[in-house]
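Chains as they are written, first to last, in our numbering: chain A, 2 to 214; chain B, 2 to 214. Even for Gly, the Cβ is constructed at its ideal location relative to N, Cα and C.
Protein chains: 2
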Amino acid sequence: MPSFPITDKTEITRLAKRGVYDREAIYAILDEALVCTLAYCRDGQPFQIPTGFCRWEDTLYLHGSVGSFYLREITQKNLPISLGVTLMDGLVLARSAFHHSVNYRSVVMFGTARAVTDEKEAYAALEIFTHKMCPGRWADVRKPTPGEWKATMVVAVAIAEASAKVRTGPPKDDAEDYDLDVWAGVQPLQTTKGAPLPDPDLKPGVALPAYLR
Amino acid sequence: MPSFPITDKTEITRLAKRGVYDREAIYAILDEALVCTLAYCRDGQPFQIPTGFCRWEDTLYLHGSVGSFYLREITQKNLPISLGVTLMDGLVLARSAFHHSVNYRSVVMFGTARAVTDEKEAYAALEIFTHKMCPGRWADVRKPTPGEWKATMVVAVAIAEASAKVRTGPPKDDAEDYDLDVWAGVQPLQTTKGAPLPDPDLKPGVALPAYLR
């Protein structure tokens, strides 16, 4: 897959060596992240909303209520938006306070949002979204009714301008500090899924599905 | 502590019952989050940057290089900014696709950023920041030199306008769906710190400190 072009908006200028423009690397970060931040402007005032999302090929999909003020605003006014995700991988504990850091993988992208009016595209987006959050779930659940579809807005954002910033590995201290008697290394951070908790109102006899075990 | 006033910018209008304006609840979310997203506008174009932060009383502190374009821009031009954090607590698996959700705690706040010029305030901010990321670490490490201080920019944001949005608990399905043979419940999500990995260049004989065990 071709890398993303480096633009005025996506060029990583601070610690440029951490900049990543490779499409597969950027998509891997987007596919792992469960939540993104959508930012937009109204009269110079920035707003941001955290929301779930999924990716299909070169498009991100969001969804919400048709009453969602921000989804209506960004699609109807065709506002420039920014979407970002951040995965925290570790605390980087250097010998000096100054060189402390974190290991992370973040993506920031820019574009505009389009309301999805094609039913097949909207259905596919929600199926992919559900699969991302919980593989196997979609086949198991009651599918949306016509009334639920009417209440749901699906929004697509073409991934045109994007870049990632990534730090990995141990701390980097000044040469003279490596002889200090200070422990240095990385404390890993991980987001984990725990054992499923049944709904107190779960119908008796309904077993935990295999995809959640 | 007094709650935050509900303003045009901070009022939770979608699923208003999830809105939280209680100051202690908002501060607890801010204190748990390791990263925030800072959003600002330039000529109607939104930008966002993930960054570490800490809170002291009614102020958030960020820091970065004095060469950081965005920190210079937001402080020198006194731009309106938005800061947000999101903690993901669980996947809410309902009987119907429509009622799937997530348990989360998010905060969005609005303000402007001030460059911290008082050395004591800047020093305290970095000490609090380090303590947040790794309690006990500050006492152990080599402190910043005058040259490192010159290269560091500390920025303060007064927490004036803020609100949180919180979902907890099991799924809420339509009454007629509770009889479906579909498992329902919550899959918890958790961010955990793993066992520290020593720097390959760690000086022999330096033990893992007690605060990391």
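- prompt: With burial defined as no fewer than 16 other Cβ atoms inside 10 Å of the residue's Cβ, what is the status of T76 (chain A): buried or exposed?
  reply: By the 10 Å Cβ count, T76 (chain A) comes out buried.
query: Taking only beta-carbon atoms, is A185 (chain B) less than 8 angstroms away from chain A?
result: yes
query: Taking the C-alpha atoms as reference points, what is the distance between L206 (chain A) and K194 (chain A)?
result: Here the sequence assigns Gly to residue 206 (chain A), which means Leu is not the residue at that position. Using only the alpha carbons, I get a separation of about 24 angstroms.
query: Residues in its own chain within less than 8 angstroms of F48 (chain B) by CB, not counting five upstream and five downstream?
result: A40, Y41, C42 and Y71
- request: List the residues of chain A that R96 (chain B) touches, going by C-beta distances under 7 angstroms, in chain order.
  value: V142 and R143
message: Counting C-beta neighbours from all protein chains within 10 Å, is the total for I7 (chain A) 16 or more, i.e. buried, or is it exposed?
response: exposed
- request: Please name the residue in A:T113, A:G137, A:F99 and A:F111 whose C-alpha comes closest to that of F130 (chain B).
  value: A:F99
field: Spatially closest choice to P1 (chain A) from B:G112, B:D59, B:G170 and B:V158, by CA coordinates
entry: What is shown of chain A runs 2 to 214, which leaves residue 1 (chain A) out entirely.
- prompt: Thinking C-beta only, is M154 (chain B) closer than 8 angstroms to S66 (chain B)?
  reply: yes
- prompt: Which residues in chain A sit within 7 angstroms of V109 (chain B), going by Cβ to Cβ distance?
  reply: Q49
message: Please return the same chain residues whose Cβ sits closer than 6 angstroms to the Cβ of P3 (chain B), not counting the five positions on each side in sequence.
response: none
- prompt: Can you list, in chain order, the residues of its chain whose CB lies under 6 angstroms from that of V117 (chain A), leaving out five sequence neighbours each side?
  reply: Cβ within range, chain order: A123, V155 and A157.
- prompt: For the region 67-98 of chain A, which residues have a beta carbon sitting closer than 9 angstroms to at least one beta carbon of chain B?
  reply: G68, S69, F70, Y71, L80, P81, I82, S83, L84, G85, V86, T87, M89, G91, L92, L94, A95, R96, S97 and A98
message: Please report the distance separating the alpha-carbon of F111 (chain A) from that of D182 (chain A).
response: For F111 (chain A) and D182 (chain A), the distance between alpha carbons rounds to 45 angstroms.
- request: Using alpha carbons as the reference points, say which of A:L92, A:L88, A:W57 and A:F5 lies closest to L35 (chain A).
  value: A:L88
message: Tell me the residue span of the alpha helix (DSSP H) that contains W150 (chain B).
response: P147 to K151
query: In terms of DSSP beta bridges, what is G65 (chain B) paired with?
result: B:M154
- request: Would you decide whether R106 (chain B) is buried or exposed? Buried here means 16 or more other CB atoms lie within 10 Å of its CB.
  value: buried
message: Against chain A, which members of the region 35-65 of chain B pass a CB distance test of less than 8 angstroms?
response: L35, V36, T38, A40, Y41, C42, G45, Q46, P47, F48, Q49, I50, P51, G53 and G65
- request: Would you please state the rounded distance, in angstroms, between the beta carbons of K133 (chain B) and C55 (chain B)? I believe it to be under 8 angstroms.
  value: K133 (chain B) to C55 (chain B), Cβ: 5 angstroms. Contact.
- prompt: Beta-carbon separation of P147 (chain B) and V93 (chain B) under 8 angstroms?
  reply: no
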